[in-house]
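Chemist: With the working numbering as the guide, the letters of the sequence shown map in order to residues 18 to 309. Glycine is no exception: its CB is placed at the ideal position from the N, C-alpha and C atoms. I'd like to ask you about the structure that follows.
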Amino acid sequence: MPELPEVETIARGVHERVRGDRIVHAWFGGHREPFKTAPAKQAKGLEGRVLLAIHRTGKHIVCELGSVAGKSIQELRQGRKKTPPEFAPPDAQWIVHLGMTGRLLVTTPDAPVAAHTHARLTLASGRELRFVDPRRFGRLEFRALERVTGFTASGAEPLTIQAGEFAALFRGRSLSIKAALLNQNLLTGVGNIYADESLFHAGIRPRRSAGRLTRAELERLRLSLNQVLEHAIRLGGSSVSDYVDAAGVRGFFQLEHCVYLRTGEPCRSCQTPIQRILLAGRGTHFCPKCQR
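This is the structure we're talking about:
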């Protein structure tokens, strides 16, 4: 499943390519699983609206929708590098959850349509925004903001959380620190890859009780988590399965994994073979010497 760096990479790529574009037509497939909002309602809400901004919230991609004050799409695109456009406030959102195999791609209309394409948004610029999901665990939702509140994540944001708030998340918790990192109600966006990698860089064993870690260990973990996530974003995320960015390009961070999926391989720091255990129902990778 795409985690925070992969979702962030896609959101930034889509934002760069389609910000300010207008949706002129929305097509949705016939499988019901990807739709939290009925396809007909999504199409009616999307068509005619402008993509004001695209950003990540947790593991979701949120497209802010509205209109551009006093500017046509042509004027907006011609002047986008000179003067920032004046946007009317968003009045709707299109929310994309990628599930396990979802892709959100910016492409041209003549590009081959992949199997398992569930949504195609035709844009005024001539491009298309497509949602592809072979396993259909992803979800698409439309929200009209005059009737419902905007989308928010359930947990804290790992890239901006401060030391005191981070430590408070784990205080008194008996579950393992690996399980705690995966709990989306505590931290949002962290999954199996980046939990394993961050614990390795912090030198903390994944089985340790979250509530028994010292304040110094938790701060080391917070900094390691931030550094690993930021570095993964710079490298376009980890392509260990189906993940590609908004242009269909694979990420590179998997080439720098220290423990994840490296069972039996030598630790990059001490040469001890990496071990794998099952923890919180997930395969968990760690170095028995570097992590204590």
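Any idea which residues DSSP pairs Ser215 with across the strands?
Modeler: Counting from 1 along the sequence shown, the entry for residue 215 is found at position 198. DSSP, once it has assigned bridges, lists no residue as partnering Ser215.
Chemist: CB-CB under 6 Å to Asp108, same chain, minus the five flanking residues each way: which ones, in chain order?
Modeler: Locating residue 108 in the sequence shown gives position 91, where the first residue counts as 1. The answer, listed in chain order, is Gly83 and Leu162.
Chemist: Please report the straight-line C-alpha distance between Ile1 and Val165, rounded to a whole angstrom.
Modeler: The shown model of the chain, from 18 to 309, leaves out residue 1, and the question about it has no answer.
Chemist: So, are the CB atoms of Pro175 and Val149 less than 9 Å apart?
Modeler: The residue you call residue 175 lines up with position 158 of the sequence shown. The residue you call residue 149 lines up with position 132 of the sequence shown. No, they are not a contact pair.
Chemist: Should Asp310 go down as buried or exposed, given a rule of 16 or more other Cβ atoms within 10 Å for buried?
Modeler: With the chain represented from 18 up to 309, any question about residue 310 goes unanswered, as that position is not in the structure.
Chemist: Just how far apart, CA to CA, sit Phe52 and Arg137?
Modeler: For the purposes of this step, residue 52 is taken as the residue at position 35 of the sequence shown. For the purposes of this step, residue 137 is taken as the residue at position 120 of the sequence shown. So the two alpha carbons sit approximately 14 Å from each other.
Chemist: Taking only the alpha-carbon atoms, compute the straight-line gap between Trp111 and Cys307 and give it to the nearest angstrom.
Modeler: Residue 111 sits at position 94 when you count from the first residue of the sequence shown. Residue 307 sits at position 290 when you count from the first residue of the sequence shown. Roughly 44 Å between the two C-alpha positions.
Chemist: Identify which residue in Asp213, Gly268 and Arg309 has its Cα closest to the Cα of Thr280.
Modeler: Here residue 280 corresponds to residue number 263 of the sequence shown, with the count starting at 1. Comparing Cα positions, the closest option is Asp213.
Chemist: Does DSSP put Glu145 in a helix, a strand or coil?
Modeler: Translated into positions along the sequence shown, residue 145 becomes position 128. Three-state result, Glu145: strand.
Chemist: Check whether the Cβ atoms of Asp259 and Arg120 lie closer than 9 Å to each other.
Modeler: Taking the first residue of the sequence shown as position 1, residue 259 is located at position 242. Taking the first residue of the sequence shown as position 1, residue 120 is located at position 103. A contact, by the Cβ cut-off of 9 Å.
Chemist: Output yes or no for whether 9 Å exceeds the beta carbon distance between Thr139 and His42.
Modeler: Taking the first residue of the sequence shown as 1, we reach residue 139 at position 122. Taking the first residue of the sequence shown as 1, we reach residue 42 at position 25. In this structure, His42 lies closer than 9 Å to Thr139 by Cβ.
Chemist: Buried or exposed: Glu59, going by 16 or more other Cβ atoms within 10 Å of its Cβ?
Modeler: As a working mapping, residue 59 is identified with position 42 in the sequence shown. According to the sequence displayed, residue 59 carries Gln and not Glu. Counting Cβ neighbours within 10 Å, Gln59 comes out buried, since at least 16 surround it.
Chemist: Where do the ends of the alpha helix (DSSP H) carrying His32 lie?
Modeler: For this step, residue 32 is matched to residue 15 along the sequence shown. Counting along the chain, the alpha helix (DSSP H) containing His32 begins and ends at Leu21 to Val35.
Chemist: Quick check on this structure: which residue in Arg239, Gln201 and Thr205 has the alpha carbon closest to the alpha carbon of Leu216?
Modeler: Taking the first residue of the sequence shown as 1, we reach residue 216 at position 199. When each option's Cα is compared against that of Leu216, the closest is Arg239.
Chemist: Runs of 4 residues minimum, wholly inside the stretch 223-254: which ones carry the alpha helix (DSSP H) assignment?
Modeler: The qualifying runs are 232-251.
Chemist: Is the Cβ-Cβ distance between Asp38 and Ala141 less than 9 Å?
Modeler: Numbered from 1 along the sequence shown, position 21 holds the residue referred to as residue 38. Numbered from 1 along the sequence shown, position 124 holds the residue referred to as residue 141. Yes.
Chemist: Excluding the five sequence neighbours on either side, which residues of its own chain have a C-beta within less than 6 Å of the C-beta of Phe159, listed in chain order?
Modeler: Reading the sequence shown from its first residue, position 142 is the one you call residue 159. The residues are Thr54, Gln59, Gly62 and Trp111.
Chemist: When DSSP labels each residue in this structure, what does Glu163 get in the three-state scheme?
Modeler: Sequence index remark: in the sequence shown, residue 163 carries index 146 (1-based). Correct three-state label for Glu163: coil.
Chemist: Just verifying my parser: in three-state terms, what is the DSSP assignment at Gly96?
Modeler: For the purposes of this step, residue 96 is identified with residue 79 of the sequence shown, where counting begins at 1. Reliability fails at Gly96, whose pLDDT of 44 lies under 50, so the model's placement of it is uncertain and the value that follows must be treated cautiously. Helix at Gly96.
Chemist: Tell me where the alpha helix (DSSP H) around Gln201 begins and ends.
Modeler: Against the sequence shown, residue 201 aligns to sequence position 184. Element bounds for Gln201: n/a, residue is neither H nor E.
Chemist: Quick one: what does DSSP say Gln59 is sitting in, helix, strand or coil?
Modeler: Taking the first residue of the sequence shown as position 1, residue 59 is located at position 42. In this structure, Gln59 counts as helix in the three-state DSSP scheme.
Chemist: Cα separation between Gly78 and Ala132?
Modeler: Your numbering for residue 78 matches position 61 in the sequence shown. Your numbering for residue 132 matches position 115 in the sequence shown. Reading the sequence as shown, one finds Ile at residue 78 and not Gly. One C-alpha to the other measures close to 22 Å.
Chemist: If distances are taken between C-alpha atoms only, which option among Arg190, Arg225, Arg152 and Val266 comes closest to Phe303?
Modeler: By 1-based counting over the sequence shown, the position of residue 303 is 286. Residue Arg225 is the option with its Cα nearest to Phe303.
Chemist: Taking buried to mean at least 16 other C-beta atoms within 10 Å of its own C-beta, is Leu33 buried or exposed?
Modeler: Within the sequence shown, residue 33 is the residue found at index 16, counting from 1. For clarity, residue 33 is Glu in the given sequence; the question names Leu instead. Exposed.
Chemist: Among Gly167, Gly116, Ile294 and Ala249, which has the Cα closest to the Cα of Lys195?
Modeler: Start at 1 with the first residue of the sequence shown, and residue 195 comes out as number 178. When only C-alpha atoms are compared, the closest one is Ile294.
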